[in-house]
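Novice: Please read through the structure below; I'll follow up with questions.
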Amino acid sequence: METLIVERREGVVTVTMNRPERKNAANGVMLGELLEAFEEIERNSEDRVLVLTGAGGAFCSGADLGDPNGPTSDASQPGLVRMRRLGDVALALHRLTKPAIAKVDGFAVGAGLSLALGCDLVVASDRARLSMIFSRRGLSLDNGASWLLPRLVGMAKAKELALFGDMLDVRQAAELGLVNRVVPLAELDAFVDDWAARLAAGPPIALSMTKTLLHNSLSASMEEAVEDEARCQAVNFATADTAEAMAAFTQKREPKFVGR
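For the sequence shown, this note's numbering assigns the number 1459 to the initial residue and increments by one for each residue that follows.
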């Protein structure tokens, strides 16, 4: 790929946004490649965990406003069509039924922060900086931010972050619930590798349904939630992985999950 580095190792797929000269700003090519990568990971049964990160000491500085073929400036497409390309990327990440970790160093702003928050877990270095910078560029929220932000921090705080567009240091972001863990830069890779390996070794079907249950709970009643749980648990009890987990518990060993 032109703008991404995709690496696979033992069930973990690391997708690195690779435009360091632009702080990994997402141009039109990157958007297409991110969409392709997310959809391929969803289809590939050997891919169990996504790690999304950026090259060169930055996560992603948002959409590349200077790209002539980007979502903000492609003259060959109407504005709504162009922006829907950005939305398609957010939806593909949201629909990913496998665990996703954002590994954030440096700047994650605008659509770049939306990408990070679209992952299930966010691990950031102690020098990361985050901002919903849209309003400072004369723009409103995009890339799923209007849906993600209130659910993570509540409506009042979401409005504050979105309307002012202030830059947050990573400690502030963690206090708000935008970041799961803050670690020293020197420990970032090892920490994320450990989390990714643990998830990759987990039961794929159960983790997938757990993620789906949590997503669906945002719009479900209690009655709907417990019914969904019952259906998912019935599926689990019919899998080889659950039988393996029970056997491993009895035999005092670690289970080996195969996704069946």
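Ideal Cβ placement from N, Cα and C applies to all residues, glycine included.
Got a sec? Which residues, its chain only, sit under 8 Å from residue 1592 by beta carbon, not counting five neighbours each side?
Specialist: 1568, 1598, 1599, 1600, 1603, 1620 and 1623
Novice: Locate the alpha helix (DSSP H) running through residue 1585, then write down its first and last residues.
Specialist: Residue 1585 -> no alpha helix (DSSP H), and no H or E assigned at all.
Novice: Look up residue 1468 in the DSSP assignment and say whether it is helix, strand or coil.
Specialist: Correct three-state label for residue 1468: coil.
Novice: Based on Cα-Cα distance, which residue from 1494, 1501 and 1556 lies nearest to residue 1665?
Specialist: If you compare the alpha carbons of 1494, 1501 and 1556 with that of residue 1665, the shortest gap goes to 1556.
Novice: Would residue 1667 be called buried (16 or more neighbouring beta carbons within 10 Å of its own) or exposed?
Specialist: buried
Novice: Is the segment 1533 to 1542 touching the segment 1573 to 1590, taking contact as three or more C-beta pairs under 8 Å?
Specialist: no
Novice: Which first and last residues belong to the beta strand (DSSP E) in which residue 1507 is found?
Specialist: 1507 to 1512
Novice: Between which residues of its own chain and residue 1635 is the CB-CB distance below 6 Å, once the five residues before and five after are set aside?
Specialist: Excluding residues within five positions, the ones whose Cβ falls inside 6 Å are 1610 and 1611.
Novice: If I follow the unbroken beta strand (DSSP E) through residue 1558, where does it start and stop?
Specialist: 1558 to 1562
Novice: Mark residue 1722 as exposed unless 16 or more other C-beta atoms lie within 10 angstroms of its C-beta, in which case mark it buried.
Specialist: No statement about residue 1722 is possible, as the shown extent of the chain runs from 1459 to 1718 and does not include it.
Novice: On a CA-only basis, which of 1709, 1483 and 1465 is nearest residue 1498? Give me that one, please.
Specialist: 1465
Novice: Give the secondary structure of residue 1565 by DSSP, where H, G and I count as helix, E and B as strand, and everything else as coil.
Specialist: strand
Novice: Taking contact to mean 3 or more Cβ pairs, one atom from each stretch, closer than 8 Å, check whether the segment 1559 to 1574 and the segment 1510 to 1520 are in contact.
Specialist: By the Cβ rule, the segment 1559 to 1574 counts as touching the segment 1510 to 1520, because three or more pairs are nearer than 8 Å.
Novice: CB-CB under 7 Å to residue 1565, same chain, minus the five flanking residues each way: which ones, in chain order?
Specialist: 1481, 1516, 1517, 1519 and 1587
Novice: Which first and last residues belong to the beta strand (DSSP E) in which residue 1716 is found?
Specialist: Careful: residue 1716 lies outside any beta strand (DSSP E) and carries neither H nor E.
Novice: Check each candidate in 1632, 1679, 1675 and 1545 and name the one with the smallest Cα separation from residue 1490.
Specialist: Ranking the options by Cα distance to residue 1490, first place goes to 1545.
Novice: So, for residue 1468: in the same chain, excluding its five sequence neighbours on each side, which residues have a beta-carbon less than 8 Å away from its beta-carbon?
Specialist: 1655 and 1658
Novice: If you follow the beta strand (DSSP E) that residue 1640 is part of, which residue opens it and which one closes it?
Specialist: 1639 to 1641
Novice: With a cut-off of 8 Å on the beta carbons, I'd call residue 1575 and residue 1606 a contact; round off their distance for me.
Specialist: Confirmed, about 5 Å.
Novice: Do you know whose CA, among 1681, 1712, 1581 and 1684, lies nearest residue 1648's CA?
Specialist: 1581
Novice: By a C-beta neighbour count over all protein chains shown, 10 Å radius and 16 as the cutoff for buried, is residue 1596 buried or exposed?
Specialist: exposed
Novice: Tell me which residues share the same chain as residue 1631 and place their Cβ nearer than 6 Å to its Cβ, disregarding the 5 neighbours each side in the sequence.
Specialist: 1588 and 1637
Novice: What's the C-alpha gap between residue 1625 and residue 1618?
Specialist: 12 Å
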